Amino acid sequence: MSRHILIIEDDPKVNQLLQDLLNEQGFHTQACFDGQQGLESIRQHTFDLILLDVMLPKINGLDVLSQLRELCETPVILLTALGAEQDRIEGFKSGADDYLTKPFSTAELLLRIEAILRRTQYQQHQQATKMLSTEQLDALSLTPVERQIVNFFLDNYEQTLSKPLLYRQALQKSFNQYDRSLDMHISKIRKKLQTLDNTQLAIQTVHGQGYRLHRV
Numbered sequence: 001m002s003r004h005i006l007i008i009e010d011d012p013k014v015n016q017l018l019q020d021l022l023n024e025q026g027f028h029t030q031a032c033f034d035g036q037q038g039l040e041s042i043r044q045h046t047f048d049l050i051l052l053d054v055m056l057p058k059i060n061g062l063d064v065l066s067q068l069r070e071l072c073e074t075p076v077i078l079l080t081a082l083g084a085e086q087d088r089i090e091g092f093k094s095g096a097d098d099y100l101t102k103p104f105s106t107a108e109l110l111l112r113i114e115a116i117l118r119r120t121q122y123q124q125h126q127q128a129t130k131m132l133s134t135e136q137l138d139a140l141s142l143t144p145v146e147r148q149i150v151n152f153f154l155d156n157y158e159q160t161l162s163k164p165l166l167y168r169q170a171l172q173k174s175f176n177q178y179d180r181s182l183d184m185h186i187s188k189i190r191k192k193l194q195t196l197d198n199t200q201l202a203i204q205t206v207h208g209q210g211y212r213l214h215r216v
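All residue numbers for the sequence shown refer to full-length UniProt numbering, where the first residue is 1 and numbers rise by one.
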């Protein structure tokens, strides 16, 4: 499954290098070149991880990070030429998950990205299963196909899943734009979720992107 990574880096060459590197690894990327543009993207889209430079025009990276933490818990790796201990401490205090000093090894960056994504996926799955227990799942009387769809959403909690991906992974068939079976299944699942007492989960339509299981 392609993860969505936001790159906020004002150096065009470094920004392009990161885009090329991540795209080659199968990630979907979005690029911003200043702090203000980055915050606007964060408000409008859901990302799995953010690569954030510190020395940015308009709004510096640490201020972006502080404002970002008021909006979401998306993991952030700081990429910066500021490598002194105090700079790293300030980065972690502001809410960074990791810190890499320029110039950095692209191999090391990829390993750090994979490690963070593995950890957050596990945490998200644990959080989702706490909100929807096995007993509650059984009470929904889901069909086998609906159960497959729900399990896939639980495994990818809070991530936006495209229709082609859901067709392939949950329905085990190719996506066809004229096939409405996925929409019908999700409509039925939504109605069943609403029958649960104190339910905290819902399937959200992310226009132009797909669906997302999230906490309401």
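Every residue, glycine too, gets a C-beta built ideally from N, C-alpha and C. For clarity, every value in this text was computed on a predicted model and none was experimentally measured.
**Message:** Quick check: the Cα distance between L21 and T29, rounded to an integer number of angstroms?
**Reply:** Spanning the two alpha carbons is a distance of roughly 10 angstroms.
**Request:** Name the two residues that bound the continuous beta strand (DSSP E) containing V76.
**Result:** Unbroken beta strand (DSSP E) run through V76: V76 to T80.
**Assigned secondary structure, T199 (DSSP; H/G/I helix, E/B strand, else coil)** = Note: T199 maps to coil in three-state DSSP.
**Asked** Which residues in the same chain as F104 place their Cβ atom closer than 8 angstroms to its Cβ, once the five residues preceding and following it in sequence are excluded?
**Response** Once the five neighbours on either side are set aside, the close Cβ partners of F104 are L79.
**Nearest-angstrom Cα separation, counted from V150 out to Y178** = Those two C-alpha atoms are separated by around 22 angstroms.
**Prompt:** How close, in whole Å, do the beta carbons of L117 and D48 come, if the pair is a contact with beta carbons under 8 angstroms?
**Reply:** At roughly 6 angstroms, the Cβ-Cβ gap stays under 8 angstroms, so L117 and D48 are in contact.
**For L196 and Q121, the rounded distance between their alpha carbons** = A direct Cα-to-Cα measurement between Q121 and L196 gives close to 25 angstroms.
**Cβ separation of E158 and H207, assumed to be a contact under 8 angstroms, to the nearest whole Å** = E158 to H207, Cβ: 17 angstroms. No contact.
**Message:** My assumption, with CB atoms under 8 angstroms, is that R3 sits in contact with F27. Please give the rounded CB distance.
**Reply:** In this structure R3 touches F27 by the C-beta definition: roughly 5 angstroms separates them, less than 8 angstroms.
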